[in-house]
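Report on one structure; see the data block that follows.
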Amino acid sequence: MATSKPQLEVHKADHSPSKWSVALGEEVFSRFVGQPNSGVQKVLGEGSLFSPLLFGKFFDPADAFPLWEFESDLLMSALRSSGKSSIDWFQTDQEYVLQAELQEPWRNALQISVEDGKVLEISGQLKEQQREATKLVDWRCANWWEHGFVRRLELPEDVDCCRIEARMKNDTILEIKIPKLESNRGAESKSKDSDQDV
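Under UniProt numbering, the first residue of the sequence shown is numbered 1, with each subsequent residue one higher.
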């Protein structure tokens with residue numbers, strides 16, 4: 001029996017120019033994640049889509065990362081071999097796909113948006129921090145890691161950002177499909193056909 005895949009809304013415009021302007025440094029992250037807060041460990045801990053250490057070395061998740069320039073098997077091999085990550089990305093002739101397992105405390109808080117057609121942003125506010133963050137004008141403009149989480153990914157140039165779809169599979173797997181532009185799909189198919197003729 002197939003499980004329904006609830007579709008998530010993908011916002012095409014976000015008019016908060018100063019969001020993510022406070023950088024998360026490695027030293028600040030080490031102190032913050034070392035605090036006794038299990039929610040923080042689940043969201044920003046090793047193997048999480050939102051972890052600054054996801055790609056093998058420290059990288060602020062609020063900075064856009066060129067994910068599709070890398071093979072997931074190579075970039076994630078250490079975490080996968082230790083069983084600490086369930087994240088995958090790949091591309092087909094028609095689309096780019098990102099899949100990530102999300103834990104209970106924060107998967108319901110997801111917001112997905114596309115910034116200027118160039119950056120895919122997956123973020124959310126932690127429920128236990130919502131009351132405290134209401135004092136802020138926008139929690140994303142301050143020490144955002146104290147209130148929520150984010151992962152920003154550079155989109156390839158050949159995507160149709162107006163047709164991006166996001167769904168939850170089995171209530172645990174976030175799946176984002178990013179269609180390629182029609183003109184590029186035809187060019188790729190012709191290129192593959194001519195390669196086979198040689």
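We put the CB at the ideal spot given by N, CA and C, even for glycine.
Keep in mind the model is a prediction, meaning the values are calculated, not measured.
C-alpha of F32 to C-alpha of E121: approximately 22 angstroms in a straight line. Remark: fewer than three beta-carbon pairs, one from each stretch, lie closer than 8 angstroms, so the stretch 47-61 and the stretch 177-184 are not flagged as touching.
Of the candidates R140, E165, I87 and Q94, R140 places its Cα closest to the Cα of S18. F55 sits in coil when the DSSP states are folded into three classes, being neither helix nor strand. Non-local beta-carbon contacts of E95 in its own chain, meaning distances under 8 angstroms to residues more than five positions away in sequence, involve K177, I178, P179 and K180 in chain order. Your pair Q7 and R167 checks out as a contact, with CB atoms roughly 5 angstroms apart and the cut at 8 angstroms.
When the five nearest sequence neighbours on each side are left out, the beta carbons in the same chain lying within less than 8 angstroms of the beta carbon of S16 are those of D138, R140 and C141, in order along the chain. Going by beta carbons, E154 and A23 fall outside the 8 angstroms limit. Residue nearest to W145 within the set L44, V10 and E27 is L44 (criterion: CA-CA distance). Closest in C-alpha terms to W20, from the list E157, F149, E182 and V159, comes F149.
Looking only at E9, C161 and P156, the smallest Cα-Cα distance to F70 is reached by P156. C-alpha of L79 to C-alpha of E101: approximately 14 angstroms in a straight line.
Looking at the DSSP output, R151 bridges to I122. Cβ contact annotation for D88 (same chain, cutoff 6 angstroms, sequence separation greater than five): S72 and Q99, in chain order. Between the alpha carbons of V97 and K118 lies a gap of roughly 16 angstroms. For D73, no pairing in a beta bridge is given by DSSP. Taking 8 angstroms as the cut-off, the Cβ atoms of I164 and V10 count as close. Partner residues in the beta bridge of F90, as assigned by DSSP, are V97. Bounds of the beta strand (DSSP E) holding R167 are E165 to K169.
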